[in-house]
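Worksheet: the structure to be examined is printed underneath.
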Amino acid sequence: MRMMLCVTGLTLALATAPAAAEAQVRSDTVTIVLPAAPDRLDPCETPRSVIGRIIRQNVVETLTELDYATSRIIPRLAESWEETALNRWRFHLRAGVRFHDGSSFDAAAVVEALERTLDPALTCITRTKYFGGIDIKAEAIDPLTVEFVTATHVPILPTLLAQLSISSPATPRGVYTNEPVGTGPYRLAGWTQGESVRLERNPAYWGEEPAIGGARYIWRSESSVAAAMVETGEADLAFAIAPQDATDPATDKVYPNSDTALFRLSLDIPPLNDRRVREAINLSIDRRAFLGTIISGEAQLATQQVGPSALGYNAALVPWPYDPDRATKLLAEARADGVAVDRPLRMIGRPGMFANSNEFVEAAAEMLRSVGLNVRLDNLEMSQWLKEANKPFAERRMPNLLLTMHDNNSGDASFTAFFKYGSEGRQSELHDAHVDALIAEAGAASGENRAHLYGEVFRTVYEDLVADVPLFHMVNVMRVGPRLDFTPTIANAVELQLARLRLRPQS
210 MRMMLCVTGL TLALATAPAA AEAQVRSDTV TIVLPAAPDR LDPCETPRSV IGRIIRQNVV
270 ETLTELDYAT SRIIPRLAES WEETALNRWR FHLRAGVRFH DGSSFDAAAV VEALERTLDP
330 ALTCITRTKY FGGIDIKAEA IDPLTVEFVT ATHVPILPTL LAQLSISSPA TPRGVYTNEP
390 VGTGPYRLAG WTQGESVRLE RNPAYWGEEP AIGGARYIWR SESSVAAAMV ETGEADLAFA
450 IAPQDATDPA TDKVYPNSDT ALFRLSLDIP PLNDRRVREA INLSIDRRAF LGTIISGEAQ
510 LATQQVGPSA LGYNAALVPW PYDPDRATKL LAEARADGVA VDRPLRMIGR PGMFANSNEF
570 VEAAAEMLRS VGLNVRLDNL EMSQWLKEAN KPFAERRMPN LLLTMHDNNS GDASFTAFFK
630 YGSEGRQSEL HDAHVDALIA EAGAASGENR AHLYGEVFRT VYEDLVADVP LFHMVNVMRV
690 GPRLDFTPTI ANAVELQLAR LRLRPQS
């Protein structure tokens with residue numbers, strides 16, 4: 210199924226309409242277009258790209274950081290660390306650092322940040338995605354030394370702590386905040402709900418003063434609008450440019466991101482509790498037809514929720530073929546056995562999830578209908594989509610296929626397996642004792658054995674259980690305007706460090 214998409218005159222007109230009031234910004238301030246608006250700005254939610262691209266490593270920082278060029282963990286707010294005993298790590302903190310509210314960054318602040326993140330009163334994605342299944346505590350040894358103790362062996366703890374954003378100890382417990390206070394090179398200057406978020410340079414930053422004075426974040430769900438804003442100079446940078454809008458090689462930069470698109474299935478609800486129905490869904494989607502049309506031609510067909518760069522990726526898994534005839538036969542067999550194949554299925558998308566995501570779900574729904582499935586399509590806004598994505602799931606819900614985008618740019622499958630497939634995982638539909646045991650064993654392992662065990666998790670989910678519908682390992686296109694000297698990387702799946710942007714000299 211090939212799709213031809215075009216920019217309408219109305220869309221272009223909207224993008225190029227005068228915006229004199231918005232254009233009056235400082236010359237060293239950049240305007241960045243995001244595909245969706247943030248629903249909050251809490252530091253414990255920075256793994257979500259809609260939040261992380263604004264505040265992660267800009268407003269709030271982490272103890273450690275992944276160097277994506279070398280795949281090594283490097284210092285940030287911690288200067289060094291060592292494993293002092295089994296299940297015990299000691300981190301030595303950077304001296305002379307202050308939060309934007311003037312309070313000192315010290316070991317007590319790190320302890321407070323961890324405890325707030327792990328507080329079950331908040332469903333922080335940092336807790337549920339990265340610390341799920343891990344029993345961890347922190348203790349201040351002295352003002353600049355903090356010790357982490359885990360109940361089980363966590364050999365990648367320095368990597369794990371690259372996900373823990375450190376906010377001021379004054380950040381309230383038990384409630385989300387929209388006023389993040391961190392140690393970063395920028396501080397929050399304002400958030401006008403529905404319009405923009407503004408950051409300004411932190412004059413008291415502990416590190417090198419960044420070249421960019423501040424940023425204004427706005428959001429446009431239509432790729433053509435975002436692209437036109439950069440083209441006309443109304444914005445400096447835009448994420449998620451669709452293939453049909455990426456028309457200028459000088460400004461449109463393709464980069465691998467860590468996102469995997471797939472449909473998650475409600476496995477315990479008929480008819481999706483029948484393996485034949487799940488196989489039929491996988492067989493009915495012509496994944497290759499989307500490549501180069503609705504989905505970038507540089508995306509890869511997916512077989513699992515992590516990409517090839519992650520430790521634990523199973524390269525032996527083979528993508529599903531497109532076989533609608535086989536899908537139709539499987540559904541007929543299930544129907545003959547009394548399975549409620551004709552029951553309505555709810556396909557759930559979200560505008561702005563990725564470029565052309567609306568067009569994708571419309572086409573995918575039609576493919577499922579063509580083999581005899583009764584599909585109802587719902588595109589939900591962020592807050593409603595999150596209620597569908599996260600536990601506790603609603604009672605008496607319809608059988609559903611939830612379109613998700615999972616990012617794992619940390620390089621380790623542990624940040625996927627429990628969250629997505631563990632029985633207690635926040636976004637898991639699976640309850641399988643064997644998978645739970647594999648995840649636990651893999652989490653305590655190291656090296657090749659760790660990679661093998663996580664690879665077995667993904668093989669079991671994909672081949673033995675047919676638990677979901679993997680689609681694509683995505684790439685992204687960023688349009689970078691002529692004022693900026695910047696090349697995107699996989700890091701930009703969840704963050705955009707303003708300090709790494711450079712302004713080109715004016716001619």
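Read in order, the letters of the sequence shown are residues 210 to 716 in the numbering used here.
For each residue, glycine too, the CB sits at the ideal point set by N, CA and C.
Same chain, Cβ closer than 6 Å to residue i, five either side skipped, listed in chain order
{"i": "Pro-364", "result": "Ser-655"}
{"i": "Glu-231", "result": "Note that Glu-231 scores a pLDDT of 42, beneath 50, so its modelled location is shaky; the value from the coordinates is reported in the next line. Nothing listed; no residue qualifies."}
{"i": "Thr-326", "result": "Cys-253, Cys-333, Thr-335, Arg-336"}
{"i": "Tyr-719", "result": "The chain is shown from 210 up to 716; residue 719 falls before or after that span and cannot be answered."}
{"i": "Gln-233", "result": "Residue placement at Gln-233 cannot be trusted, given a pLDDT of 38 that sits under 50; what the coordinates show is reported in the next sentence. Once the five neighbours on either side are set aside, Gln-233 has no close Cβ partner at all."}
{"i": "Asn-565", "result": "Ala-451, Ile-503"}
{"i": "Arg-297", "result": "Val-358"}
{"i": "Ala-549", "result": "Pro-479, Pro-480"}
{"i": "Gln-266", "result": "Glu-704, Gln-706"}
{"i": "Pro-227", "result": "Low confidence applies to Pro-227: its pLDDT is 42, below 50, so where it sits in the model is not reliable, and the reading given next is rough at best. None."}
{"i": "Ala-229", "result": "Because the pLDDT of Ala-229 is 37, which lies under 50, any placement of that residue in the model is unreliable, and the number read from its coordinates should be weighed accordingly. Closer than 6 Å at Cβ, skipping near neighbours: no residue."}
{"i": "Tyr-414", "result": "Pro-394"}
{"i": "Gly-422", "result": "Arg-235, Asp-237, Thr-238, Arg-410"}
CB of residue i within 8 Å of CB of residue j, strictly
{"i": "Tyr-385", "j": "Asp-551", "result": "no"}
{"i": "Pro-378", "j": "Ala-455", "result": "no"}
{"i": "Val-570", "j": "Met-591", "result": "no"}
{"i": "Val-667", "j": "Leu-526", "result": "With the sequence shown as reference, residue 667 is identified as Phe, and Val is not the correct amino acid for it. Cβ atoms of Phe-667 and Leu-526: closer than 8 Å."}
{"i": "Val-684", "j": "Asn-466", "result": "yes"}
{"i": "Trp-428", "j": "Leu-243", "result": "yes"}
{"i": "Ala-451", "j": "Met-438", "result": "no"}
{"i": "Val-269", "j": "Ser-374", "result": "yes"}
{"i": "Thr-255", "j": "Ile-264", "result": "yes"}
{"i": "Gly-652", "j": "Tyr-522", "result": "no"}
{"i": "Arg-303", "j": "Glu-288", "result": "yes"}
{"i": "Thr-238", "j": "Arg-425", "result": "yes"}
{"i": "Asp-468", "j": "Asp-616", "result": "yes"}
{"i": "Leu-707", "j": "Leu-693", "result": "no"}
{"i": "Asn-588", "j": "Asn-567", "result": "yes"}
{"i": "Val-644", "j": "Thr-625", "result": "no"}
{"i": "Val-463", "j": "Ala-622", "result": "no"}
Sequence-distant residues of the same chain with beta carbon closer than 7 Å to residue i, five excluded per side
{"i": "Thr-337", "result": "Phe-628, Arg-635"}
{"i": "His-640", "result": "Ser-632"}
{"i": "Gln-509", "result": "Phe-681, His-682"}
{"i": "His-362", "result": "Leu-295, Asn-296, Ala-653"}
Proximity test, Cβ basis, 8 Å: residue i and chain B
{"i": "Thr-337", "result": "Reference to chain B is not applicable here, since this structure consists of a single protein chain."}
Residue i, enclosing beta strand (DSSP E) - first and last residue
{"i": "Ala-470", "result": "461 to 474"}
{"i": "Gly-423", "result": "423 to 428"}
{"i": "Pro-679", "result": "677 to 689"}
Contact test: residue i Cβ vs the ligand FAD heavy atom, cutoff 7 Å
{"i": "Ala-622", "result": "In terms of ligand content, the structure shown is empty, and the ligand FAD therefore cannot be addressed."}
Cut-off 8 Å between Cβ atoms - residues of its own chain near residue i, not counting five sequence neighbours on either side
{"i": "Ile-282", "result": "Thr-273, Glu-274, Leu-275, Asp-276, Pro-367, Thr-368, Ala-371"}
{"i": "Gly-506", "result": "Pro-452, Leu-500"}
Continuous alpha helix (DSSP H) stretch holding residue i: start and end
{"i": "Ser-493", "result": "484 to 493"}
{"i": "Lys-538", "result": "533 to 545"}
{"i": "Ala-316", "result": "316 to 327"}
{"i": "Arg-659", "result": "656 to 668"}
Entirely within the segment 256 to 282 and at least 3 residues each: give me those beta strand (DSSP E) ranges in chain order.
The segment 256 to 282 contains these whole beta strand (DSSP E) runs: 273 to 276.
Runs of alpha helix (DSSP H) wholly within the segment 358 to 409 (minimum 4 residues, chain order):
Annotation note: the segment 358 to 409 contains the following uninterrupted alpha helix (DSSP H) runs of length 4 or greater, listed N- to C-terminal: 366 to 369.
Using 8 Å as the threshold, is the segment 386 to 393 in touch with the segment 291 to 309, meaning 3 or more CB pairs across them?
Cβ pair count under 8 Å is three or more, so yes.
Does the segment 532 to 548 come close enough to the segment 571 to 588 that 3 or more CB-CB pairs lie under 8 Å?
Segments in contact, yes.
I want to know whether the segment 486 to 494 touches the segment 514 to 534 - three or more CB-CB distances under 8 Å.
By the Cβ criterion, the segment 486 to 494 is in contact with the segment 514 to 534, since at least three pairs of Cβ atoms, one from each stretch, lie closer than 8 Å.
Counting only runs that start and end within the segment 557 to 630, where is the alpha helix (DSSP H) found for 4 or more residues in a row?
DSSP assignment within the segment 557 to 630 yields the following whole alpha helix (DSSP H) runs of 4 residues or more, N-terminal first: 566 to 579, 591 to 598, 623 to 630.
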